[in-house]
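Okay, so here's the structure we're looking at.
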Amino acid sequence: MATISGRVLRANGLPNKDLFSKDDPYVVVKMFDADGNEAGESRTSVKKGNNVEWDGEEAVFNFGNAHLEGRIEFKVWDKDLGPDDLIGESVVPLSAVPFQETEMTLSLGFSRKLSAAGKKTPNGTITVRLLISNHHNWL
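Numbering (UniProt numbering), first residue to last: 1 to 139.
Put into structure tokens, the structure is as follows:
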């Protein structure tokens, strides 16, 4: 077992999901075990804009009992009066995270809508800082 902790640092290049105002992005962080069962959830505060930064405790997450065969999922949402819109998501296998503090910039995938040139447009990126700590049980 291990503990995974980290912080959402920023999101950049987010596409505008709102027609008449700026996006209101927030991030939902979920950890899943090796069987795909949700093992923890955290979320950031809501910011305003397409290039945003989170400071301090508002974007920190800490999940105990992490299985290295599991994964951590980052979903960026746009807060709306009605249902929130998914901007993009990225998944990191826990086995890909080194046992030292690591900063990662992750792609949020591509939009289903095509650009004027007929190409898929990127949903931006999210930058996170991750650390896995191994638990040792000494008898």
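All C-beta atoms in this analysis are idealised placements derived from N, C-alpha and C, irrespective of residue type, glycine included. Please read all numbers here as calculations on a predicted model, not as lab measurements.
Distance between residue j and residue i (C-alpha atoms, nearest Å)
i	j	result
Val76	Arg7	14 Å
Ser133	Leu19	43 Å
Ala39	Thr125	24 Å
Asn123	Gly88	6 Å
Thr121	Ala96	27 Å
residue 162	Thr102	Coverage of the chain is limited to positions 1 through 139, which leaves residue 162 absent and any answer about it impossible.
Leu14	Ala66	30 Å
Which of helix, strand or coil DSSP assigns to residue i
i	result
Ala117	coil
Ala34	coil
Val42	Residue 42 is actually Ser in this sequence, not Val. Ser42 falls in the strand class under three-state DSSP.
Glu57	helix
Buried or exposed by the 16-neighbour rule on C-beta atoms within 10 Å, applied to residue i
i	result
Ser90	buried
Gly118	exposed
Phe32	buried
Gly70	buried
Asp23	buried
Pro83	exposed
Integer Cβ distance of residue i from residue j, believed to fall under 8 Å
i	j	result
Arg130	Ile4	Reading off the sequence shown, one finds Leu at residue 130, where the question assumed Arg. Right, the Cβ-Cβ distance comes to about 7 Å (below 8 Å), so this counts as a contact.
field: Unbroken stretches of the beta strand (DSSP E), 3 residues or longer, contained in the segment 62-135
entry: 71-78, 85-93, 102-107, 110-114, 120-122 and 125-134
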